[in-house]
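Numbering (mature numbering (1 follows the signal peptide of the UniProt record, and there is no 0)), first residue to last: -17 to -1, 1 to 275.
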């Protein structure tokens, strides 16, 4: 009987430990940031009350922040990267995910909230510089947006990506999908990524985008990612192929074989921008324009 009670106690302790492995039951950040909702706080005389709201929807002004804060710690302990798709909000949990739609042009992105702010006037959200570029308001500095809570980084896109981009006649599921082209390895690119762990995405640094059209000596691609697992790469390629001709390549980088998923080659910078926007809106937040 004493042994039975001891085993029951061990089982209870193990169960409690398992329940507490993800604070608040929220999403786990891919970096070392802390998940937090936070207590009420005051900035410049105004009180903010953080709370989790899965149905959050609001419209207001968005601004962006970049070089001055690049490399600094965010409010939940992550390192701010102005080239990542992130945002600062005054009350939403960190990390959490939102769809930000630029109401001036219809473009939308899914961003990770990992910082607090903005604390200027009646601004609703601060986004990273890269997010502002893709949403189309980097030069003007501010724009009117709609912010909607979404369950995660792979939430499906809104119906419209850009007002000046013709909407497809059918939904993505009903569209005729472009083929996936499986190619042999090409020479390794000039960048040197760290060795990937299993199922880890290797993202190339954003390279300079050429003027439209591309020159004869270089091709423009939208790279979705590179994976050590072939099945995962095929799943990603299948998920994105409605956007354009998808290339699945086996490449050798520093002696490690990776399966690279790209869309292209694309005929112009404008087409690459449009394709990148569609890939990002579909939830592939590691997508980048690359030259080869």
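A virtual CB, placed ideally from N, CA and C, is assigned to each residue, including glycine. Since the structure is predicted, the reported quantities are computational estimates derived from the model, not experimental observations.
DSSP has residue i in a bridge; who is on the other side?
{"i": "residue 207", "result": "In the DSSP output, where bridge partners are listed per residue, residue 207 has none listed."}
{"i": "residue 43", "result": "128"}
{"i": "residue 70", "result": "96, 110"}
{"i": "residue 25", "result": "30"}
{"i": "residue 257", "result": "Answer is none; residue 257 lacks a bridge partner."}
{"i": "residue 83", "result": "92, 130"}
{"i": "residue 18", "result": "Beta-bridge pairing links residue 18 to no other residue."}
{"i": "residue 243", "result": "209, 232"}
{"i": "residue 273", "result": "204"}
{"i": "residue 77", "result": "19"}
{"i": "residue 249", "result": "203"}
{"i": "residue 62", "result": "56"}
Among the options, which residue has its Cα nearest to the Cα of residue i?
{"i": "residue 86", "options": "274, 130, 34", "result": "130"}
{"i": "residue 230", "options": "241, 247, 219, 35", "result": "247"}
{"i": "residue 204", "options": "257, 63, 29, 239", "result": "257"}
{"i": "residue 269", "options": "219, 201, 224", "result": "219"}
{"i": "residue 89", "options": "260, 266, 267, 271", "result": "260"}
{"i": "residue 25", "options": "74, 134, 52", "result": "74"}
{"i": "residue 59", "options": "36, 20, 40, 275", "result": "20"}
{"i": "residue 251", "options": "70, 273, 57", "result": "273"}
{"i": "residue 109", "options": "135, 134, 57", "result": "57"}
{"i": "residue 266", "options": "65, 223, 70", "result": "223"}
{"i": "residue 98", "options": "105, 240, 253, 62", "result": "62"}
{"i": "residue 47", "options": "80, 275, 79, 106", "result": "106"}
{"i": "residue 40", "options": "81, 122, 51, 235", "result": "81"}
{"i": "residue 18", "options": "136, 79, 271, 234", "result": "79"}
{"i": "residue 96", "options": "136, 126, 29", "result": "136"}
State the CB to CB distance for the pair residue i and residue j, rounded to an integer number of angstroms; the pair is presumed to be in contact (CB under 8 Å).
{"i": "residue 232", "j": "residue 128", "result": "That pair is no contact at about 37 Å."}
{"i": "residue 94", "j": "residue 103", "result": "No, residue 94 and residue 103 are not in contact; Cβ-Cβ is about 19 Å, not under 8 Å."}
{"i": "residue 111", "j": "residue 49", "result": "7 Å"}
{"i": "residue 132", "j": "residue 38", "result": "7 Å"}
{"i": "residue 263", "j": "residue 117", "result": "6 Å"}
{"i": "residue 65", "j": "residue 113", "result": "6 Å"}
Using a 10 Å radius around the Cβ and a threshold of 16 neighbouring Cβ atoms, would you call residue i buried or exposed?
{"i": "residue 101", "result": "buried"}
{"i": "residue 245", "result": "buried"}
{"i": "residue 216", "result": "buried"}
{"i": "residue 214", "result": "exposed"}
{"i": "residue 45", "result": "buried"}
{"i": "residue 67", "result": "buried"}
{"i": "residue 55", "result": "exposed"}
{"i": "residue 206", "result": "buried"}
{"i": "residue 227", "result": "buried"}
{"i": "residue 255", "result": "buried"}
{"i": "residue 173", "result": "With a pLDDT of only 37 at residue 173, under the threshold of 50, the placement of this residue in the model should not be trusted, and no figure is reported."}
Which value, in whole angstroms, describes the spacing of the CA atoms of residue i and residue j?
{"i": "residue 31", "j": "residue 23", "result": "6 Å"}
{"i": "residue 211", "j": "residue 243", "result": "9 Å"}
{"i": "residue 225", "j": "residue 124", "result": "33 Å"}
{"i": "residue 34", "j": "residue 201", "result": "49 Å"}
{"i": "residue 92", "j": "residue 27", "result": "30 Å"}
{"i": "residue 134", "j": "residue 70", "result": "16 Å"}
{"i": "residue 115", "j": "residue 121", "result": "5 Å"}
{"i": "residue 276", "j": "residue 275", "result": "Residue 276 lies beyond the residue range present for the chain, which begins at -17 and ends at 275; the question has no answer from this structure."}
{"i": "residue 126", "j": "residue 119", "result": "9 Å"}
{"i": "residue 51", "j": "residue 253", "result": "29 Å"}
{"i": "residue 221", "j": "residue 29", "result": "48 Å"}
{"i": "residue 301", "j": "residue 234", "result": "The displayed coordinates of the chain run from -17 to 275. Any statement about residue 301 would go beyond what the structure contains."}
{"i": "residue 271", "j": "residue 53", "result": "19 Å"}
{"i": "residue 238", "j": "residue 36", "result": "46 Å"}
How about residue i: is its C-beta nearer than 8 Å to some C-beta of chain C?
{"i": "residue 98", "result": "Protein chain content of the structure displayed is limited to a single chain, and chain C is not contained in it."}
Is any heavy atom of the ligand FMN found at a distance shorter than 7 Å from the C-beta of residue i?
{"i": "residue 250", "result": "Only the bare structure without any ligand can be found here, which leaves the ligand FMN out of the picture."}
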